[in-house]
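Chains as they are written, first to last, in our numbering: chain A, 1 to 257; chain B, 1 to 257. Note sheet for the following structure.
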């Protein structure tokens with residue numbers, strides 16, 4: 001059966017349209033499907049690492065590309081140094097953008113973001129380790145590691161939050177230093193070093209079957225989540241970070257107050 | 001000159017110690033340095049993409065692995081589909097962990113985190129695009145794209161923040177739906193789709209030399225930063241996100257109030 005004039009116009013239109021679209025947007029290479037494996041390798045194998053070597057590498061990397069790159073390169077760069085591929089192929093510089101809480105926006109601390117992604121690249125069960133890392137970061141006086149090349153005497157502070165700008169401000173309050181001072185930059189280098197070191201300690205523990213969470217969800221956070229998170233009367237948010245750091249005064253009209 | 005007994009003990013100790021450390025932590029493979037290139041490819045080449053194709057892919061990926069994976073896979077997966085390597089080698093599943101503001105912690109919206117990293121992988125000048133994307137997200141009624149397979153009628157809301165839990169709660173307020181409802185999941189799918197689409201529009205504009213920022217820093221944020229950010233009298237934080245979303249009442253003792 002011969003195609004009708006309308007069908008022919010439709011076919012010609014589709015071919016021309018497709019050719020035009022091809023010139024406008026990324027055309028599919030003829031060998032695109034042949035040249036790629038069905039699935040990329042994931043997760044990548046983990047090898048037990050020396051936390052101190054990672055901490056030192058993370059500090060040096062922070063000075064090259066800030067906190068997120070520092071933590072990620074500290075871990076993946078050490079694996080690359082020891083094992084070569086596939087670690088050495090990872091374009092770790094893409095993590096530079098995450099510095100100062102994501103492109104300077106002050107949201108998630110870059111050392112946590114980079115460590116979270118390194119964990120997720122290297123284990124099938126990242127969630128317990130990331131939860132532990134984030135809660136440790138919220139509640140621990142940091143930095144808790146002084147890099148060999150570290151300068152100044154850097155005081156510790158408790159961030160009470162995984163967010164960059166809260167972490168920075170609390171440290172400024174304790175140290176009496178400014179947020180763009182060389183001491184603050186140094187502090188974030190030590191912090192990146194401390195977070196990468198802790199991350200590798202957690203990965204090592206998991207790899208050796210020894211991981212037990214030591215930083216569970218605080219009771220006060222559980223209490224807030226009883227109403228506001230899954231299954232609660234309000235169920236109007238999704239969150240794990242400590243609530244009262246940003247919501248200290250919930251007002252007399254709040255139930256239970 | 002013969003080495004002293006002390007020197008010999010030191011050498012033996014270092015060799016034995018190093019062998020023990022090697023068995024404890026990841027040993028350096030003999031071919032680690034030979035097998036890896038001096039530097040991994042970075043940034044990866046960008047090819048103009050169809051924003052709608054990316055939006056559709058991001059929505060589908062969200063349903064497999066949440067917001068951060070959705071946005072990143074929407075973009076890198078489309079490049080992989082069109083071009084094969086190197087995009088097809090990227091272990092995109094490592095981004096699943098970033099869902100719900102980073103491992104469910106409610107910090108940086110995963111769609112923004114995944115898009116930020118895709119931008120950083122694909123251009124040498126990511127910062128203007130990420131700043132634009134984050135400010136657009138803060139101030140625009142979203143989601144602004146309905147995927148072909150989208151379900152329900154999803155209302156729009158303005159997040160006023162790049163943080164996940166604020167974005168979710170504001171949408172719950174507008175929609176009167178719960179944060180674990182199927183409608184909220186659908187909303188985050190549409191949102192991931194919208195953010196990935198916007199990201200590719202920005203990348204396309206930059207690649208074509210047409211990028212002009214349309215979402216500059218608001219005057220009220222500039223005013224806060226005059227004192228609290230670089231060079232200010234207080235200089236006690238580092239932040240770009242909108243201040244008064246979380247700090248609406250700064251008290252009568254605040255200068256200028």
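The beta carbon of each residue, even a glycine, is placed where N, CA and C say it ideally should be. Because the structure is a prediction, the values reported are computed rather than measured.
Notebook entry, point to check: Who are the neighbours of residue 100 of chain A on chain B, taking C-beta pairs under 8 Å?
Noted result: 238
Note to self: Rounded to the nearest angstrom, what separates residue 164 of chain B and residue 30 of chain B at their Cα positions?
What the structure shows: 45 Å
Notebook entry, point to check: What is the rounded straight-line gap between the Cα of residue 197 of chain B and the Cα of residue 160 of chain B?
Noted result: 20 Å
Next item on the list: Measure from the alpha carbon of residue 85 of chain B to the alpha carbon of each residue in B/47, B/169, B/106, then state which is nearest.
Entry: B/47
Notebook entry, point to check: Contact check, residue 260 of chain A vs residue 95 of chain B under 8 Å by CB: the rounded distance?
Noted result: Only positions 1 to 257 of chain A appear in the structure, and residue 260 of chain A is not among them; the question remains open.
Next item on the list: Measuring alpha carbon to alpha carbon, tell me which of B/139, B/105, B/180 ends up nearest residue 195 of chain B.
Entry: B/139
Notebook entry, point to check: When Cβ atoms are compared, which residues of the region 94-124 of chain A fall closer than 8 Å to chain B?
Noted result: 94, 95, 96, 97, 98, 100, 101, 102, 103, 104, 105, 106, 107, 108, 112, 113, 116, 117, 119, 120, 121
Check: Per DSSP, residue 157 of chain B is paired with what?
Finding: B/142
Check: Just curious, the alpha helix (DSSP H) that residue 236 of chain A is in, first and last residue?
Finding: Unbroken run through residue 236 of chain A: none, as it is neither H nor E.
Item checked: Close-in-space but distant-in-sequence residues of the same chain around residue 22 of chain B (CB under 6 Å, 5 per side omitted) -> Reliability fails at residue 22 of chain B, whose pLDDT of 45 lies under 50, so the model's placement of it is uncertain and the value that follows must be treated cautiously. Excluding residues within five positions, none has a Cβ falling inside 6 Å.
Notebook entry, point to check: Pick from B/145, B/142, B/112: whose alpha carbon is nearest that of residue 129 of chain B?
Noted result: B/112
Item checked: residue 59 of chain A - containing alpha helix (DSSP H), residue span -> 51-83
Item checked: Spatial distance of residue 253 of chain A from residue 174 of chain B (CA atoms) -> 22 Å
Item checked: Where residue 235 of chain A meets chain B, residues with beta-carbon distance less than 7 Å -> 178, 179, 180
Check: Taking the alpha carbon of residue 57 of chain B as the point to measure from, which residue in B/45, B/44, B/72, B/132 has its own alpha carbon closest?
Finding: B/72
Check: What number of angstroms, rounded off, separates the C-alpha of residue 258 of chain A from the C-alpha of residue 74 of chain A?
Finding: One cannot answer for residue 258 of chain A here, as it falls past the ends of chain A, which runs 1 to 257.
Note to self: Can you check whether the C-beta of residue 88 of chain A is within less than 8 Å of a C-beta belonging to chain B?
What the structure shows: yes
Margin query: Counting only Cβ-Cβ distances shorter than 9 Å, please list the residues of the region 191-220 of chain B near chain A, keeping chain order.
Written below: 204
Notebook entry, point to check: Along chain A, which residues have their Cβ under 9 Å away from the Cβ of residue 42 of chain B?
Noted result: 91, 92, 93, 94
Next item on the list: Mind reading off the beta-carbon distance from residue 150 of chain B to residue 62 of chain B? Whole number of angstroms is fine, and I expect it under 8 Å.
Entry: That pair is no contact at about 11 Å.
Check: What does a CB cutoff of less than 6 Å around residue 70 of chain B pick up in its chain, not counting 5 residues either side in sequence?
Finding: 58, 61, 62, 192
Next item on the list: Note down, in chain order, every chain B residue with its Cβ under 8 Å from the Cβ of residue 251 of chain A.
Entry: Going along chain B, no residue has its Cβ under 8 Å from residue 251 of chain A, so there is no contact; the nearest lies around 11 Å.
Check: In three-state DSSP terms, what is residue 117 of chain A?
Finding: helix
Note to self: Any heavy atom of the ligand ZN closer than 7 Å to the beta-carbon of residue 28 of chain A?
What the structure shows: The ligand ZN is absent from the structure shown, which contains no ligand whatsoever.
Item checked: Contacts of residue 130 of chain B in chain A (Cβ-Cβ under 7 Å) -> 97, 103
Check: Are residue 212 of chain B and residue 186 of chain B closer than 8 Å when you measure CB to CB?
Finding: no
Next item on the list: Express the C-alpha separation of residue 224 of chain B and residue 251 of chain B in angstroms, rounding to a whole number.
Entry: 14 Å
Next item on the list: Determine, using beta carbons only, whether residue 204 of chain B and residue 172 of chain A come nearer to each other than 8 Å.
Entry: no
Note to self: Among the candidates A/83, A/144, A/247, A/43, whose CA atom is the shortest distance from the CA of residue 97 of chain B?
What the structure shows: A/43
Item checked: Ranges of the alpha helix (DSSP H) found wholly within the region 184-235 of chain B, counting only runs of at least 4 -> 219-228
Item checked: Cutoff 8 Å: residue 160 of chain B Cβ touching any chain A Cβ -> no
Check: Taking buried to mean at least 16 other C-beta atoms within 10 Å of its own C-beta, is residue 248 of chain B buried or exposed?
Finding: exposed
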